[in-house]
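One structure is given here, and the rest of the page talks about it.
Numbering (the working numbering), first residue to last: 37 to 717.
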């Protein structure tokens, strides 16, 4: 299948298709139709939630052309799902005005928020989808509520009973830290594995006392998921929370507590005696632990006083029971703490991968303030929405779909079915228009109509002069099994009294210059030149996952919107920048010859697809090539601190260059195998 097909469902209609991961191959082989692209965005530091539980900035996703999966929300099943990223967009600071949205966090000290364009839609409890600029302190936004996986909770609980600790991060949320001898590498690896997407970093430190050797310290990210445990254990100092432990402590936590802070000694009769080094706890804490061990596990523990405090020792009669309870969860490098007869048991957690439990909750808005505009980024996903910020706030774009099914009118956004009596503010004018068309009998049964909802001119320095009277602009009509072509669409739209996206060009495209010239066209809404265009080739098609035929199409966004260019926007122009030594080195290796070499390597390995999907592999190949040829030279220049910047510099512009290269190849005559051989020789 050429490319990836994004689906947007309308009940009773099957699917409406738009091509994602667009392959330029064959797009211009036959006559095409080019229409204006009418279209918020986020600041580069805003994080997006990935399907594996990790987070990356939206800038990183756009810059690397990330085509993996992010967390989305499926309104049909009312649940969080994984959705693939289909497209990427970037605009200059002058593109649109921005606001800072602050959300009240899950505890008093946490700070949560993000910067986005005024027109970006946020999902609220009170009004559904709502423009960010229209949010008030009375609104509650849908956020992702995550809970620790059961095994994760037990591992962290056991660690906190031992030498691990919590501390507050910059966001006000707790982070988990634990340290062990570098000789206990398997145990540290299991902790990293069980932290999953919550894992942040590992560092090696010198031990705190003579002869202790090096310590491997594992640290998690700060997260509200630790808050309940943190507040239970820390009441000015670390103490034992009886109610919390009675509810949560189980054999897995007991095992991690023992691996972290336990030891095994032998009596005069060579009977093993497990001991916990609990000197940091008070006498009352020890009595609580005694009670919990006896009540939950039937294990008798004794409190022994030492010169440095008290320790907890499991009685000889309970030792065998204790060891059998924890043995299945002990790692190989901690088996020495077990009796000989249990040391060959495998660790059942070795291959375990945590699964975060998710649901959604409503968090109140704290404030929405206008802020300085910065470079802006956006992505398109197959569910039309994604999660941003530390709280996982649900956001999406403004596509509007409607049609008549079994005599009933249905209107839908990418977020789900719209309430015809009280639609979200963004879609209200569009829904009112469609309701009138339905009552007048102008909508054909089983036809699917699609448009872009625009209820008012954009809030930005390049604002449109007007908004469409209908509240949306029509860009597609599917008539049962076929799409309305470039000639039929305006006629059908006119019959409905609607505006549709104009045709900028129809026919064969001879070269790239013809395409670039179209970008100087003034938008149909006035006030600025078009942001880009959509190319549709009705003579070429692909097959979707259900073997339906789909029109081949692709988007092209103006490079103009990736530069600060408007003198009237108040920009004083770029500051004079003197390249650093690192930048100079990066620019030395940044050559198209090296990029072409990367293409050749992909061809030789049979990995070349001649589509934008090559971009991540090309960027990786360029960096690998430089590392192989120039690694020693780069290491001399503070290698570890500098390579991250250099790797970005040498591939900067490669995605754009490669797309241009693919496009230019559409207008070049094909080279025969003989000519290719002669060219190489």
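Note that beta-carbon positions come from the ideal geometry of N, C-alpha and C, so glycine has one too. On a predicted model such as this, the values are computed, not experimentally measured, just so you know.
- Your pair residue 93 and residue 106 does not check out as a contact, with CB atoms roughly 12 Å apart and the cut at 8 Å.
- The criterion of a C-beta distance shorter than 8 Å is satisfied by residue 365 and residue 384.
- Distance from residue 239 to residue 228 at the Cβ level is roughly 12 Å; contact not present, criterion being Cβ atoms closer than 8 Å.
- In the DSSP assignment, residue 91 forms a beta bridge with 85.
- The Cβ-Cβ distance between residue 136 and residue 286 does not fall below 8 Å.
- Within the same chain, 653 come within 7 Å of residue 643 by CB-CB distance, once the 5 residues on both sides are set aside.
- With contacts defined by Cβ atoms closer than 8 Å, residue 626 and residue 686 form a contacting pair.
- In the structure shown, residue 259 adopts coil according to DSSP, grouped into three states.
- Here residue 155 is buried, its C-beta having at least 16 other C-beta atoms within 10 Å.
- Separation of residue 568 and residue 664 (C-alpha to C-alpha, rounded to the nearest whole angstrom) is 39 Å.
- Comparing alpha carbon positions, the residue from 291, 312, 293, 632 closest to residue 300 is 312.
- The three-state reading of DSSP puts residue 108 in strand, counting E and B together.
- Beta-bridge partners of residue 417 (DSSP): 121.
- Ranked by Cα distance from residue 96, the first of 458, 697, 411, 503 is 411.
- Residue environment: residue 421 is assigned as buried (16 or more neighbouring CB atoms within 10 Å of its CB, all protein chains considered).
- Taking residue 447 as the centre and dropping the five residues before and after it, the same chain places the C-beta of 436, 437, 438, 453, 454, 456, 459, 463, 466, 467, 470 closer than 8 Å to its C-beta, in chain order.
- Between residue 68 and residue 415, the C-beta spacing is not below 8 Å.
- The Cβ neighbour count for residue 167, taken over all protein chains shown within 10 Å, is at least 16; the residue is labelled buried.
- Residue 394 and residue 113 have their C-alpha atoms roughly 14 Å apart.
- As the crow flies, the alpha-carbon of residue 319 is around 15 Å from that of residue 197.
- For residue 666, the three-state secondary structure derived from DSSP is helix.
- Beta bridge pairing from DSSP links residue 180 with 396.
- Here residue 183 is exposed: its Cβ has fewer than 16 other Cβ atoms, across all protein chains shown, within 10 Å.
- The C-beta separation of residue 85 from residue 180 comes to about 7 Å, placing the pair in contact by the 8 Å criterion.
- Per DSSP, reduced to three states, the secondary structure at residue 321 is helical.
- Here DSSP, grouped into helix, strand and coil, assigns residue 547 to coil.
- Per DSSP, reduced to three states, the secondary structure at residue 315 is coil, with no helix or strand assignment.
- Note: residue 239 is bridge-paired with 253 in the DSSP secondary-structure output.
- Put simply, the stretch 511–527 touches the stretch 480–493. At least three CB pairs are less than 8 Å apart.
- The continuous beta strand (DSSP E) containing residue 210 extends over residues 210–217.
- Spatial neighbours of residue 241 in its own chain (CB-CB distance under 6 Å, excluding positions within 5 residues in sequence) are listed in chain order as 251, 253.
- The C-beta separation of residue 478 from residue 532 comes to about 6 Å, placing the pair in contact by the 8 Å criterion.
- 359 is the residue among 359, 429, 628, 193 whose C-alpha sits nearest the C-alpha of residue 310.
- If the five residues before and after residue 259 are omitted, its C-beta is found closer than 7 Å to the C-beta atoms of 209, 234, all from its own chain and listed in chain order.
- Under the criterion of beta carbons closer than 8 Å, residue 173 and residue 402 qualify as touching, at roughly 7 Å.
- Within the same chain, 211, 255, 256, 257 come within 8 Å of residue 236 by CB-CB distance, once the 5 residues on both sides are set aside.
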